[in-house]
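Participant: Taken in order, the sequence shown gives residues 1 to 173; the numbers are from our numbering. This is the structure, below, for whatever I ask next.
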Amino acid sequence: NSPDAPLPTYRPKDQTVQLGHTARFYCEAFVGNLGLPDVKSDISWYRVYERDQEAIPDDQQKVIRREDNQNIGAILELTNVDVKSYGRYMCRIEMGNSAHRLEMSAWLFGPPIKAEDSSSALLQFLAIFLACLAFLALLTVYRYAPTWRQINRKNSNQCRMDPAEKFNIPTRP
């Protein structure tokens, strides 16, 4: 009535939790009826680091046994989450001896950091750039408009030549 190794019945799920809030993980496995009084199943949560594991204190986890101790589970509760709380957590269920074990893990993430949308930043830049170009064009027109008017007046005050004179065509008196 007992499997060779614990069988997962509920795997912990990754979570995203804001700073200062509470995170709860749950894992559970079927261990069956071991039938021997000295052989027990055990469950514990661990904080997993790159090259190390650290057991979570008992006051942060609660062991749950149900269906005549054939299923064993544990709730991990992390209160007042801070930046150091983010990372990977592992639930380890051992049956009889450490040779029969099941390890399941989940991640605790912080909320995503909102970065400015790159396309809207580009549009803002282009709008400012075009506004500056338009402003410079208006300044140029305003600055040189009197000079252009004077040049146009000089050209318009000159006597115009009769087209016939241009080609030395005699005109009739």
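Idealized CB from N, CA, C, for every residue including glycine.
(1) Using a 10 Å radius around the Cβ and a threshold of 16 neighbouring Cβ atoms, would you call Arg225 buried or exposed?
(2) Short check: CB of Gln61 to CB of Val31, under 8 Å?
(3) Who are the Cβ neighbours of Trp107 in its own chain at under 6 Å, not counting the five residues just before and after it?
(4) Apart from the five residues just before and just after Tyr26, which ones in its own chain have a Cβ nearer than 8 Å to its Cβ?
(5) The beta strand (DSSP E) with Ile93 in it runs from where to where?
(6) Buried or exposed: Ile93, going by 16 or more other Cβ atoms within 10 Å of its Cβ?
(7) Compare the beta carbon distance of Met104 and Val48 with 8 Å and say whether it is the shorter of the two.
(8) Keeping to the same chain, check which residues put their C-beta closer than 8 Å to that of Asp58; ignore five residues upstream and five downstream.
(9) At what residues does the beta strand (DSSP E) containing Gly73 begin and finish?
(10) For His100 and Ala29, which I take to be in contact (beta-carbon distance under 8 Å), what is that distance rounded to the nearest angstrom?
(11) DSSP puts Glu103 in a beta bridge; with which residues?
(12) Starting from the N-terminal side, write out each stretch of the alpha helix (DSSP H) that is 4 residues or longer and does not extend beyond the stretch 17 to 71.
(13) How far does the beta strand (DSSP E) with Pro8 in it extend, from its first residue to its last?
Facilitator: In short, the structure shows the following:
(1) No information on residue 225 is available, as it lies outside the stretch 1 to 173 that the chain covers here.
(2) Counting from 1 along the sequence shown, the entry for residue 61 is found at position 61. Counting from 1 along the sequence shown, the entry for residue 31 is found at position 31. Not closer than 8 Å, so no.
(3) On the sequence shown, position 107 is the one that residue 107 refers to. Closer than 6 Å at the Cβ level, and outside the excluded window around Trp107, lie Asp14 and Arg88.
(4) For the purposes of this step, residue 26 is taken as the residue at position 26 of the sequence shown. Here the set comprises Tyr10, Pro12, Gly73, Ala74, Ile75 and Leu76.
(5) What you label residue 93 is simply residue 93 of the sequence shown in a count that begins at 1. If you look at Ile93, you'll find it in the beta strand (DSSP E) that goes Gly87 to Met95.
(6) Position 93 of the sequence shown, counted from the first residue, corresponds to residue 93. Buried, by the Cβ-count rule.
(7) If you number the sequence shown from 1, residue 104 lands on position 104. If you number the sequence shown from 1, residue 48 lands on position 48. No.
(8) Sequence index remark: in the sequence shown, residue 58 carries index 58 (1-based). None.
(9) Position 73 of the sequence shown, counted from the start, is the residue given in the question as residue 73. Per DSSP, Gly73 belongs to the beta strand (DSSP E) from Asn71 to Leu78.
(10) Position 100 of the sequence shown holds residue 100. Position 29 of the sequence shown holds residue 29. In fact, because the Cβ distance is near 11 Å, the residues do not count as touching under 8 Å.
(11) The count along the sequence shown starts at 1 and reaches residue 103 at position 103. Note: Glu103 sits in a beta bridge opposite Arg92.
(12) List check, alpha helix (DSSP H) in window: nothing returned.
(13) To locate residue 8, count along the sequence shown from 1; it is residue 8. Start and end: Leu7 to Tyr10.
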